[in-house]
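Numbering (this note's numbering), first residue to last: 525 to 877.
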């Protein structure tokens, strides 16, 4: 009897093995892609004090880390997925409204950058659902995709991620339209509402859309909108034009109205960049940013170079910010006295794989 049971188990296991091998052959027609980056930096403010409170790279006079960004993606047939995690300070304060690090998704060790699935209904029509990097703005969280290592005020005050469902239709290789419905708050894995000190379930009530068009070769523009009764409304224009083989010009302009007449912001940033060679490029970010409720404003001018050596990019950068007296950020001089001007130097190293 035991021999019969052993034989049955062996044959059953063999059948499952053959079935599994057949499944692997039919579902592994595309490789599992591993991608990501590692970054580190040193920054020093000219005053000797920490100033310019935009996102990330906030340590003063310290050899510091950004993050380990680790992603996986795979496509089989018409279906695909993307999963991306960030480990380190650069990813620490991303999944809470306004980046305060104090709500449902607060964390100290890792952050989900992307976690979504998508399906190509046709060659032109795609559906995607999950937690996705926002489509709004010029700059992104990963330092690999930014020319500047420090970030703009438009990036800091805007969304980082949106959780929800979206559909994209490509009318041609020059025009596409995306529309979706997302959680009631930005940067949150799940929807929620706060009533006093109580957190309750929320809803999927933020609408988002993006019109992409390419007027001429090398020039791409995105018209974006995110609007909801809890998240507020942001209109955003992001565009970049590779004017020549060496010269590129980018632009980001946005206006945001907070819910319940809570103010908001508006701003514009210009990104001219020039390639001196295949390995060395220079760029400037000029930004004007204004709060709607009190008229406070800040102007930033950032000079950046990208020096590439294989997979490593060395990024030296000098930044000068000037604000008016009511802007909600504290700048201090070398004596620790409040001032309206700040300047800093940093050098970062980014390894992409």
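Backbone N, C-alpha and C define an ideal beta-carbon position, used for all residues, glycine too.
Residue from the options whose Cα sits closest to the Cα of residue i
| i | options | result |
| --- | --- | --- |
| residue 874 | 674, 584, 598 and 679 | 674 |
| residue 802 | 569, 727 and 830 | 830 |
| residue 607 | 851, 560, 867 and 566 | 560 |
| residue 704 | 656, 722, 681 and 679 | 656 |
| residue 579 | 587, 679, 660 and 596 | 679 |
| residue 765 | 637, 755 and 797 | 797 |
| residue 597 | 647, 555 and 841 | 555 |
| residue 558 | 633, 594, 682 and 585 | 594 |
| residue 819 | 828, 876 and 848 | 848 |
| residue 647 | 633, 612 and 696 | 696 |
CA-to-CA distance, residue j to residue i, given in whole angstroms
| i | j | result |
| --- | --- | --- |
| residue 812 | residue 748 | 20 Å |
| residue 590 | residue 572 | 21 Å |
| residue 806 | residue 671 | 9 Å |
| residue 604 | residue 665 | 22 Å |
| residue 824 | residue 839 | 18 Å |
| residue 568 | residue 698 | 43 Å |
| residue 799 | residue 832 | 11 Å |
| residue 787 | residue 677 | 16 Å |
| residue 587 | residue 835 | 21 Å |
| residue 751 | residue 660 | 12 Å |
| residue 809 | residue 719 | 40 Å |
| residue 581 | residue 826 | 14 Å |
| residue 734 | residue 775 | 16 Å |
| residue 822 | residue 815 | 9 Å |
| residue 795 | residue 638 | 26 Å |
| residue 563 | residue 785 | 39 Å |
| residue 862 | residue 856 | 4 Å |
| residue 575 | residue 658 | 27 Å |
| residue 599 | residue 745 | 27 Å |
| residue 725 | residue 757 | 21 Å |
| residue 609 | residue 851 | 34 Å |
| residue 633 | residue 583 | 17 Å |
| residue 546 | residue 717 | Unreliable positioning characterises residue 546 in this predicted model, as indicated by a pLDDT of 41, which lies under 50. The coordinate reading is nonetheless provided below. If I take the Cα positions, the gap works out to 47 Å. |
| residue 842 | residue 763 | 24 Å |
| residue 858 | residue 612 | 30 Å |
| residue 864 | residue 846 | 6 Å |
| residue 585 | residue 866 | 15 Å |
| residue 837 | residue 870 | 14 Å |
| residue 844 | residue 773 | 20 Å |
Proximal residues to residue i (C-beta, below 8 Å), its chain only, five neighbours per side dropped
| i | result |
| --- | --- |
| residue 653 | 640, 641, 642, 688, 689 and 690 |
| residue 548 | Bear in mind that a pLDDT of 40 at residue 548, under 50, signals an unreliable position, so the number given afterwards is only what the model happens to contain. Once the five neighbours on either side are set aside, residue 548 has no close Cβ partner at all. |
| residue 645 | 602 and 651 |
| residue 804 | 829, 830, 831 and 832 |
Residues near residue i by beta carbon distance below 7 Å, same chain, minus five either side
| i | result |
| --- | --- |
| residue 860 | 573 |
| residue 700 | 692, 693, 694 and 736 |
| residue 706 | 686, 687, 688, 728, 730 and 732 |
| residue 721 | none |
Beta-carbon contacts of residue i that lie in its chain and below 6 Å, excluding the five residues immediately before and after
| i | result |
| --- | --- |
| residue 853 | 577 |
| residue 615 | 591 and 635 |
| residue 777 | 761 and 792 |
| residue 649 | 693 |
| residue 759 | 749 and 779 |
| residue 876 | 561, 668 and 835 |
| residue 723 | 716 |
| residue 879 | Examination of residue 879 is not possible in this model, given that the chain is present from 525 through 877 alone. |
Any non-hydrogen atom of the ligand SAM closer than 7 Å to residue i Cβ
| i | result |
| --- | --- |
| residue 755 | Judged by which ligands are present, the structure shown has none, so any question about the ligand SAM falls away. |
Supposed close pair residue i, residue j - CB separation, criterion 8 Å
| i | j | result |
| --- | --- | --- |
| residue 708 | residue 754 | 4 Å |
| residue 570 | residue 868 | 7 Å |
| residue 565 | residue 872 | 4 Å |
| residue 681 | residue 789 | 5 Å |
**Asked** Is there contact between the stretch 723–738 and the stretch 765–772, where contact requires at least three CB pairs shorter than 8 Å?
**Response** no
Margin query: Counting beta carbon pairs with one atom in the stretch 735–747 and one in the stretch 710–721, are three or more of them shorter than 8 Å?
Written below: Cβ pair count under 8 Å is below three, so no.
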